[in-house]
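Here is the structure we will look at.
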Amino acid sequence: MKRIPLYLQILIGLIVGIAIGFVAIAAGGEVVVNDWIRPFGNLFIKALVLVAVPLVFVTLVKGVAELKDTSSLSRLGGRTVVTYLCTTVFAVVVGMGSAMLMRPGDVIGDDVVAEMGQKYADATSTIQLKQSAAEDGGPLRFLDDIVPSNIFAALTDNGKMLQIIFFALLFGVAVLAVPQQKKAPIITLFDSLNEVVMKLVGYVIACAPVGVAALMAGLVVDFNGDGSVFAALGVYAVNVVVALCFLLFVFYPTLAVLFGRVGYFDFIRRVYPLQLFAFTTSSSAATLPMTYTTAQERLGVSRETASFVLPIGCTINMDGTSCYQTVATLFIAQALGIDLTLSQLLTIVVMTTLSSIGTPAIPGGSYVILAMVLTSVGIPAESMALIIGIDRPLDMLRTSVNVTGDVSVALMIDRNK
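Sequential numbering of the sequence shown, starting at 23, is according to my numbering.
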């Protein structure tokens, strides 16, 4: 018997969870949901947070260390990485700008916002303390928070993820500087660790249907079936789709026209099969063979450029994911009644850009990174319950954006050697 795809399992979990919540409200069984169902959702969130630190640290070190292959192509390697990072930053800015303009979290009723603020009172008070400290620390306080004084202390605190990323990048660069004979065992070690961590992430993501059902049941009970929450989720979903479609149909085709010497409609015609395939697989890694074919046969990218640029893109270029994470973070902050400072917004930009390097190229892999981004600005990871139920369809569109970004950068690099 053919196994049900994960995205359908999660969708079923979403529907089942909402149904359980409304049945519990009608039957007066809220206590049953809170005591016997919600804990499974909390365990799922904790598992996501649990694997965040090892995932980001190991994948970042591995990603930087593998740049050893660019010794003879250092110029191409540098341009590739810088271009990917620039497109990711732009995607983050698009997500942030759209969320600030549409403000999907404001659709939630004031009484629900107040209730949520009370539920996460400890977290919001912590955020206010951090905001006061940032204001007292001056404009460069943001930079001061990047460098850890004790990496082992940072590794035990998900809120210090920016420091972990800094150390991982520094460690990876140090590995590159070591002679090949000395660094080979280290690279092998991190390659093996990466396989183990990816297995762990796979185990956690496999629990998503049950976790989503439990989270949605608890969410419905919490807000007593308040329609404004679901209306806000609808606006949030539209917000994400609008931002991602802007990247798909405006940003990347413009890059192709300006730097790839390919017409707008010609570019769309050549890449849409890849976008559809990525939409159905929801995995940049699974789409990589077709990404190669599209770049070389449909866009005319040289084999040398494609074989170098595309694998790097599959690892570090997650424009769609970064855009979505920014919208999601701002939506949750708005829903909790939290006004983020400029310093925190900059933290989101840096975190989503750098953590895209550590996002697993598998369905649902962005859940782990979103939990990390939320905690980095003091927002409790548990608040992911608001959006995780409707995330799966959006994940499919994010993957289309990710792979389109990969071939766009490959085209730009190849045409401007």
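A virtual CB, placed ideally from N, CA and C, is assigned to each residue, including glycine.
Note that the coordinates shown come from a computational prediction; the quantities given were computed from them, not determined experimentally.
Give the range of the alpha helix (DSSP H) segment to which residue i is assigned.
{"i": "Gln-202", "result": "202-228"}
{"i": "Asn-64", "result": "60-87"}
{"i": "Asp-436", "result": "413-437"}
{"i": "Phe-353", "result": "341-357"}
{"i": "Thr-178", "result": "Where Thr-178 is concerned, there is no enclosing alpha helix (DSSP H), given that its DSSP letter is neither H nor E."}
{"i": "Ala-278", "result": "274-281"}
{"i": "Ser-370", "result": "It is worth fixing the name first, because residue 370 is Ile in this sequence and not Ser. Ile-370 -> alpha helix (DSSP H) spans 364-377."}
{"i": "Thr-316", "result": "Where Thr-316 is concerned, there is no enclosing alpha helix (DSSP H), given that its DSSP letter is neither H nor E."}
{"i": "Thr-395", "result": "In the sequence as displayed, the identity of residue 395 is Val instead of Thr. 388-398 is the span of the alpha helix (DSSP H), which, as asked, contains Val-395."}
{"i": "Leu-198", "result": "183-199"}
With 16 as the cutoff for other CB atoms within 10 Å, does residue i come out buried or exposed?
{"i": "Thr-146", "result": "Any reading at Thr-146 is ruled out, since the residue's pLDDT is 47, under 50, leaving its predicted position unreliable."}
{"i": "Gly-130", "result": "The question names Gly, but residue 130 in the sequence shown is Ile. The residue in question, Ile-130, is buried, as its Cβ has 16 or more Cβ neighbours within 10 Å."}
{"i": "Lys-84", "result": "buried"}
{"i": "Phe-174", "result": "exposed"}
{"i": "Arg-283", "result": "exposed"}
{"i": "Asn-424", "result": "buried"}
{"i": "Gly-233", "result": "buried"}
{"i": "Gly-335", "result": "buried"}
{"i": "Pro-207", "result": "exposed"}
{"i": "Pro-275", "result": "buried"}
{"i": "Leu-70", "result": "buried"}
{"i": "Asp-314", "result": "The residue asked about is misnamed: residue 314 is Tyr in this sequence, not Asp. With 16 or more Cβ atoms within 10 Å of its Cβ, Tyr-314 is classed as buried."}
{"i": "Met-220", "result": "buried"}
{"i": "Phe-273", "result": "buried"}
{"i": "Val-104", "result": "exposed"}
{"i": "Met-122", "result": "exposed"}
{"i": "Ala-113", "result": "buried"}
{"i": "Leu-30", "result": "exposed"}
{"i": "Arg-414", "result": "buried"}
{"i": "Arg-60", "result": "buried"}
{"i": "Ala-176", "result": "buried"}
{"i": "Gly-256", "result": "exposed"}
{"i": "Ala-49", "result": "exposed"}
When the Cα atoms are used, what is the spatial distance from residue i to residue j?
{"i": "Lys-182", "j": "Ser-398", "result": "6 Å"}
{"i": "Val-390", "j": "Ala-407", "result": "13 Å"}
{"i": "Pro-27", "j": "Gly-224", "result": "14 Å"}
{"i": "Phe-212", "j": "Val-264", "result": "38 Å"}
{"i": "Ser-324", "j": "Trp-58", "result": "57 Å"}
{"i": "Met-340", "j": "Met-394", "result": "16 Å"}
{"i": "Ile-47", "j": "Ala-235", "result": "16 Å"}
{"i": "Asp-436", "j": "Ser-171", "result": "42 Å"}
{"i": "Leu-151", "j": "Phe-189", "result": "Here the model assigns Leu-151 a pLDDT of 47, short of 50, so the residue's position is not dependable, and the following value carries that caveat. C-alpha separation (whole angstroms): 26 Å."}
{"i": "Leu-352", "j": "Leu-280", "result": "32 Å"}
{"i": "Thr-178", "j": "Asn-438", "result": "44 Å"}
{"i": "Ser-305", "j": "Asp-417", "result": "9 Å"}
{"i": "Leu-107", "j": "Ala-403", "result": "26 Å"}
{"i": "Val-53", "j": "Gly-43", "result": "11 Å"}
{"i": "Arg-101", "j": "Pro-333", "result": "15 Å"}
{"i": "Ile-401", "j": "Ala-350", "result": "12 Å"}
{"i": "Ile-227", "j": "Pro-201", "result": "38 Å"}
{"i": "Pro-76", "j": "Asn-216", "result": "9 Å"}
{"i": "Gly-476", "j": "Thr-327", "result": "Summary: the structure shown does not reach residue 476, with the chain confined to residues 23 through 439, and so no result is reported for it."}
{"i": "Val-45", "j": "Leu-33", "result": "18 Å"}
{"i": "Gly-35", "j": "Ala-199", "result": "48 Å"}
{"i": "Ser-214", "j": "Gly-51", "result": "47 Å"}
{"i": "Leu-392", "j": "Val-218", "result": "21 Å"}
{"i": "Gly-285", "j": "Thr-426", "result": "15 Å"}
With C-beta atoms as the reference, is residue i less than 8 Å away from residue j?
{"i": "Leu-184", "j": "Thr-369", "result": "yes"}
{"i": "Ala-230", "j": "Ile-412", "result": "no"}
{"i": "Ala-254", "j": "Gly-127", "result": "yes"}
{"i": "Leu-367", "j": "Met-118", "result": "yes"}
{"i": "Ala-239", "j": "Gly-39", "result": "yes"}
{"i": "Thr-421", "j": "Phe-301", "result": "yes"}
{"i": "Asn-261", "j": "Ser-120", "result": "yes"}
{"i": "Thr-109", "j": "Val-431", "result": "yes"}
{"i": "Leu-237", "j": "Ile-410", "result": "yes"}
{"i": "Val-78", "j": "Ile-187", "result": "yes"}
{"i": "Met-312", "j": "Phe-330", "result": "no"}
{"i": "Asn-56", "j": "Val-243", "result": "yes"}
{"i": "Leu-376", "j": "Ala-278", "result": "no"}
{"i": "Gly-194", "j": "Ala-74", "result": "no"}
{"i": "Leu-396", "j": "Ser-388", "result": "no"}
{"i": "Val-169", "j": "Val-371", "result": "no"}
{"i": "Ser-309", "j": "Val-429", "result": "In the sequence as presented, Ser is not what sits at residue 309; that position holds Thr. Contact flag unset, no."}
{"i": "Ile-338", "j": "Ser-365", "result": "no"}
| How do the segment 337-350 and the segment 254-270 stand: do at least 3 beta-carbon pairs fall below 8 Å, yes or no? | yes
| request: Decide yes or no for the touch test of the segment 284-302 against the segment 313-322: beta carbon pairs closer than 8 Å, at least 3 of them. | output: yes
| said: Counting beta carbon pairs with one atom in the segment 350-363 and one in the segment 62-76, are three or more of them shorter than 8 Å? | reply: no
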